[in-house]
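Sequential numbering of the sequence shown, starting at 18, is according to the numbering used here. By construction, the Cβ of each residue, glycine as well, lies at the ideal position given by its N, Cα and C atoms. Just so it is clear, the structure is predicted and the values come from calculations on it, not from any experiment. Taking it in order: structure first as structure tokens, then the write-up.
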Amino acid sequence: MRNPQRIAIIGEGPAALSAAENLLRAGMCVDLISARTAPFGLLRRFAGLSGVLAEAVAGAADGPAHCAAGMVPRLRLIGNVRVGSGPDADITHRELHQLASRGDRELIILELKARGVAVTTWEGLCAPAQLADAPEDWATVISRAQLAPVCF
């Protein structure tokens with residue numbers, strides 16, 4: 018059995034989230050690599066689609082949530098990672114490409130942890146999920162989510 022094609026998207030803005038949603042709808046697997054721990058609305062939207070919202074939110078706070086044995090996550094969030102070439106970057110685009118080209122989806126996370134990056138992970142949509150017909154308006158979701166009070 019051949020593994021589904023996995024695409025990496027770097028960023029957490031409306032365009033990145035919309036691209037992830039459309040790629041998932043097309044049957045691809047997506048790794049969303051974000052400088053934030055979790056983009057606004059991401060877990061609620063995608064975890065809600067697969068019916069595991071409570072577990073996904075708990076998994077994000079308590080540690081990584083994983084798919085059952087023999088299942089492949091269609092969506093993975095790899096958060097708290099700065100991608101670029103500057104002095105503050107955790108990993109470069111070239112290094113990400115080299116790690117991803119080896120076909121082992123765990124290499125990126127292992128490399129980041131080896132570098133001491135406090136990476137956060139979440140994975141979901143393990144079984145094919147029926148996404149809504151219309152793509153989500155991510156600009157609206159993010160602007161609404163930013164209005165919510167945040168307590169630290």
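Here DSSP, grouped into helix, strand and coil, assigns T109 to coil. Annotation for W155: P31, L34 and S35 place their beta carbon closer than 6 Å to its own, counting only its chain and skipping 5 residues before and after.
Going by DSSP, A25 is part of the beta strand (DSSP E) stretching over R23 to I27. Of all alpha-carbon atoms in R93, R122, R132 and D121, the one lying nearest the alpha-carbon of D105 is that of R132.
S102 has its alpha-carbon roughly 31 Å from the corresponding atom of G44. For E128, the enclosing alpha helix (DSSP H) begins and ends at L124 to A131.
In this structure, DSSP gives T138 an extended state, which the three-state scheme calls strand. In terms of CA proximity to V98, D107 leads the group E29, T157 and D107. By the Cβ-count criterion, S118 is exposed, with fewer than 16 other Cβ atoms from all chains shown falling within 10 Å of its own Cβ. Under the 10 Å beta carbon count, E140 is surrounded by 16 or more other beta carbons and is classified as buried. Judged by DSSP in its simplified three-state form, R42 adopts helix. Between the alpha carbons of H114 and Q22 lies a distance of about 14 Å.
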